[in-house]
Amino acid sequence: MSVHTRGVRRGTTGPDRARHKGRLTSRCPLRVEALEERWLPSTYFVNSLADTNTPGTLRYEINLANTNNTGTAGTPDQIQFTTGAGTISVTGSALPTLTDIAVIDGTTATGYVAAPVITLDGTAAGPGASGLTISGGSSTVKGLDIVNFAANGILLTTNGGDTLLNNYIGVTTANVVAANGANGVFISGTAGNTLGGTGATSANVISGNGGDGVRIDGTGATNNLLVANFIGTNATGTSALGNAGNGVQITNGARLNTIGGSTPTATPFTGKPVDGNVISGNGTNGVLITTGAAFNTLSGNFIGTNLAGTSALGNVLDGVAIVNGANNNSLIGTTFPQQPFVYLNVLAGNGGNGLRIQDSNNTTVQANSFGLGDDNITPVANHLDGVLIAGSSANTQFGGVIPLGNIVAGNAGNGVEIRDTASGTVCFNTFCGLPAFTDTAVGNALDGFLITSTGGNTLLRTNVISGNVGNGVHISGAATGVQVEEDIIGMNTNGQMPLGNGANGVLIDGTAHGNSIGGFQVSVITQNTISANGADGIAIVGSASANQVFHSFIGTNILGVTAFGNVGAGVFVGGSAQGTIIGGTDPFDQDVISSNGGGGIVLSGASQGTQVIGSLIGTDRTGLTALANRGNGISITSSDNQIGGLAPAAGNVIAFNTQSGVAVASGTGNGILGNSIFGNAALGIALSGGGNQGQPAPVLTAASSPTAAAVRVTGTLTAAANTTYRIEFFASSRAPTGQGQTSLGYMTVTTGASGVAPFTFNSTLPVGAGASITATATDPGNNTSAFSGAITATEAIFAVGSGPGGVPLVKVYNGDGTLRGSFLAFDAGFRGGVTVAVGDLSGDGVEDIIVGAGPGAGPAVAVYSGTNFSLLGAFFAFDPGFRGGVTVAAGDLSGDGRADIIVGAGPGAGPAVAVYSGTNFSLLGAFFAFDPGFRGGVTVAAGDLSGDGRADIIVGAGPGAGPAVAVYSGSNFSLLGAFFAFDPSFSGGVTVAVGEINGVADIIVGAGAGAGPAVAVYSGTNFSLQGAFFAFDPGFRGGVTVATDVNDGEADIIVGAGPGAGPAVAVYSGTSFGLQDSFFAFDPSFSGGVFVG
């Protein structure tokens, strides 16, 4: 029997009253009164489990409710169960569609506690039958177990606003699959439906069905809400009972639907957010959003895991797939004002990708976890990528400002893969390969990011990409338009400790082109930090082209001051890579590439056209403190690369590396220009194996610094004939090392037919005495040489010694002619005169004064400091019994960077020349300059005439022979040439000096006593006469002594008058022979002459 409580619409008569079969009785007279029309809800009782369409059966009561149709959205009719637990076997046809607004309430059955006790079994319902079809809208179904129907478990259609609570659909309460043949719940074009809720007995279990767990279909399917359901698992979320299709499918233009919700957890990673669904174990995807579905949101769901979020119950394919034109959909785990991850989606343990976005635009993915459990530490791997963005997908926003970043860790493939023609992807604040805010590697098994997309405009910004098994970032295929800016790659979250990726920090290969490692949006992470990785910091190989690396610290901590080197090179460019740019001329572009185990930069193989500009290689971010790369700063075995350049700020600082600064072992056309290279353990630039065609380096012969703000460098380049070269000059503050710290500028020279080009270079940059001067040469093919041998810039001074008859006084003058000081070279009683020379023996950059005793004393030589005139040492150059006096000169014959002492014997002995070390005064060698029988004595000078980097010895014959001048090699004392400086019949002897008059070491010769005060200049190359003049009145016959000095950027000729006149000194231009200055060095009445040096 069935009992009905029926609603009566008050104020009605006639047929309406008959329809409801209610009896009216009255205990008072009737009065007609105008009332509003209202329906009172009806309650229908199911007291039979049969399916016979007789009163009290569910079929009958649904039909009756539909007929009466008294329910409203606010006061729905009630269909309640007065039976005990049991099964209604629906037979022959589906139950009638519920067109009334009603609540079908299985929780009213006797014995109900928490799980359904009433089962609707559609085994015999026939083809096409759904368990329940609801079209009236605003209805509720709760507390039923709906199984074994050929079609859907529940079909919601037409009016919407329906609610499903605490139903088991497709599975029994005993966790036995009893599949409905199609979908568990099919929402067909209706809006505002709610499946599940946050109450203790609100969740639906929608599992085991033959199609999707829930299908939301059609443009009218909007604003539907799925809350706290189990879709594909048992009711406790501990085992899989998957639907054969997707857990949830949103399709055919369905819009504005929400899967889960935004109720936050109290703190992150403390269990599933209360609104979230467990969507796991399904036969295809956890959630499929497809075919024009738009503006749908997922929040707080565990997709592919158990309820705890810590072990896999994976969906067979992807956790979430957004495909086929499904635009403007979102996975949201927090919003900007909130804590991070407080209603995150966990997409983990799935058989495919955690998330796949394909051919769909404007997807937003923020504050989710892909591949890591809800405890933020346990890996629950998706079997492919954590996230795949593919097809033509455009404008994916993956992450955002803090706290909107995602976690992508522990996946069996890549963390994030972007491929095909996907474009406009922004990956922002991602933890890739490690948990959020936790410095423990939970790496993705392949790369952190794999990008092969040709769509362009891909941005990786302020991510932490560390701990991955493969590369941190891999840009491959024909990828273009990728920018990696302000990321930490290989270090922990704060960039202070290592957490390296197993392979390269960044790998660019294939034909990837037009990509940038570096960016301009300074943020909480101020630049890329790419350090502590298991291979190279950055490797650019394959046929990659036109890629740039800038604004990156490679091998240091985030502050650029502590070493955390990559195991391999800082930057490796190999394969056939073309046109790579490392650094830039803007200070912002500067890279710091230091502390790496395989050298700073390696340019290898068939790669070409790499530019390394404006970067620090081997130093900290200041460029001053050592963070040495192990190996060379830059190693080159390829061609046509540019290290530094001609543009302002193009030069690099390459310093402190454990081998050479730049090593070119093979390849040609490698320009090394404008760099600061210093403090490297080996050479500044090393050429070997034919690298840069073995381009010869210049040979520097002299460097004088007349003031702290100028330097004059002379030398020669011997290379290919009739070729123009660029010569760059450098100064270093350290002792001579063959490197170059500060660029002084450049000049161009052209070799002659013999391949020799002498040069003189004047720089007005501050250098100062004691600086180490070097140079490089670069040919028209951009082949740069190694550094030249270093010479020390000496402070230009000259000395004047008194001639015979006066006290042994020496006066020292600065290059500008001002008096520097004076001292007595020997005992004040000695009157034999003092010969003088200057040269830097002490290595302090200030020329010291070498003095020789004139006739009448032993062959004494003494050395005085050019700084304070203190005695540095003294010795006898020949037999102490010799009384003919000595002449002296200074030049570096030994190649140790310090001047050595050349001594010539005066009249009365053979024409002996002896060479003594300027370091310890030991004898280096001796020879006779002329016939041993000649007794007129010799004068000496020194300078590099042969261009071998060592001073040669120039000897002039003393009185009694022709005006002979002979040149001997400073290396082996062999005769290089000889000539008569004046008329061969002149026998008054000559004095000699060497100076850079015409860009090479030329020979200056002064006539001895008996002729006019003639001075002649001869080429140091071929001994041809370059010019001559009288230094004093032509009638003067006392002879002259000569020396050279650099004051104004050119060599001057200093001439001292011999005996018979006042102690006159005159200074002449080395180029025009014009008089520059003249003065008396001593009391004008003194007539013993002067010696200059």
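Counting in the working numbering, the sequence shown runs from 498 upward without gaps.
Every residue gets a Cβ at the ideal spot worked out from N, C-alpha and C, and that includes glycine.
Annotation for Ala676: Gly667, Gly705, Asn706, Gly707 place their beta carbon closer than 6 Å to its own, counting only its chain and skipping 5 residues before and after.
In terms of CA proximity to Asn865, Gly851 leads the group Gln855, Gly851, Asp856. Between Val638 and Leu881, the alpha-carbon positions lie close to 39 Å from each other.
Across the structure, Ser1135 and Asn941 are spaced so that their CA atoms are roughly 34 Å apart. Counting every other CB atom within 10 Å of its CB across the protein chains shown gives Gly930 a total of 16 or more, marking it as buried. Excluding its 5 nearest sequence neighbours in each direction, Gly715 has C-beta neighbours in its own chain below 7 Å: Ser685, Gly686, Asn749, Gly750, Ala751, listed in chain order. Put simply, the backbone Cα of Gly910 is about 37 Å away from that of Thr670. For Ile559, the enclosing alpha helix (DSSP H) stretches over residues 555–565. The C-beta distance from Ile786 to Ile747 rounds to 5 Å, short enough to fall under 8 Å. Counting along the chain, no beta strand (DSSP E) covers Val668, and no H or E run does either. Excluding residues up to 5 positions away in sequence, Pro1510, Val1537, Val1552, Ala1554, Ala1558, Ala1561, Ala1563 lie with their Cβ nearer than 8 Å to the Cβ of Phe1529 in the same chain. When Leu885, Gly999, Asn1063 are compared, the shortest CA-CA separation from Asp815 is found for Leu885. Only residues of its own chain outside the window of five on either side were considered, and among them Thr616, Asp618 have a CB closer than 6 Å to the CB of Thr584, listed in chain order. For Gly897, same chain residues with a beta-carbon under 7 Å away, outside a window of 5 residues either side, are Gln863, Phe925, Asn926 in chain order. Per the Cβ contact rule, the stretch 724–734 is in contact with the stretch 681–701 (3 or more Cβ pairs under 8 Å). Here Gly1102 is near Gly1071, since their CB atoms are less than 8 Å apart. Beyond the five residues adjoining it in sequence on each side, Ala1463 comes within less than 6 Å, by CB distance, of Ala1426, Val1452, Ala1475 in the same chain, given in chain order.
Contact annotation, Gly783 with Gly744: C-beta distance approximately 5 Å; criterion of less than 8 Å satisfied.
Burial is judged here by how many other beta carbons sit within 10 angstroms of a residue's own beta carbon; Phe1153 has at least 16 and is buried.
Two segments are said to touch when three or more pairs of C-beta atoms, one from each, lie closer than 8 Å; by this definition the stretch 830–840 does not touch the stretch 805–813.
Check the Cα spacing between Thr594 and each of Asn560, Phe1085, Thr1023: the tightest is with Asn560. In this chain, Lys769 is not harboured by any beta strand (DSSP E), its DSSP state being neither H nor E. Burial state of Pro1255 is buried, judged by a 10 Å Cβ sphere holding 16 or more other Cβ atoms.
Under the three-state reduction of DSSP output, Asn1172 falls in the coil class, being neither helix nor strand.
CA-CA distance, Thr564 to Tyr840, rounds to 45 Å. Just measuring C-alpha positions, the residue of Phe1588, Gly1567, Ser1569, Phe1570 sitting nearest Phe1577 is Phe1588.
Collapsing the DSSP output to three states places Asn1259 in a strand. In the three-state reduction of the DSSP assignment, Pro995 falls in the strand class. With contacts defined by Cβ atoms closer than 8 Å, Asp1033 and Gly1115 do not form a contacting pair. Ala909 is bridged by DSSP to nothing; it lacks a bridge partner. With respect to Val1099, Ser1073 sits apart: the two C-beta atoms are not nearer than 8 Å. Of the residues assessed, Gly608 falls on the exposed side of the cut-off, its CB having fewer than 16 other CB atoms within 10 angstroms. In the DSSP assignment, Phe1583 falls outside any beta strand (DSSP E), carrying neither H nor E. Under the three-state reduction of DSSP output, Asp1397 falls in the strand class. Under the DSSP assignment, Asn1025 falls in the beta strand (DSSP E) whose first and last residues are 1025–1027. Relative to Gly848, the option among Leu1316, Thr691, Asn908 whose CA is nearest is Asn908.
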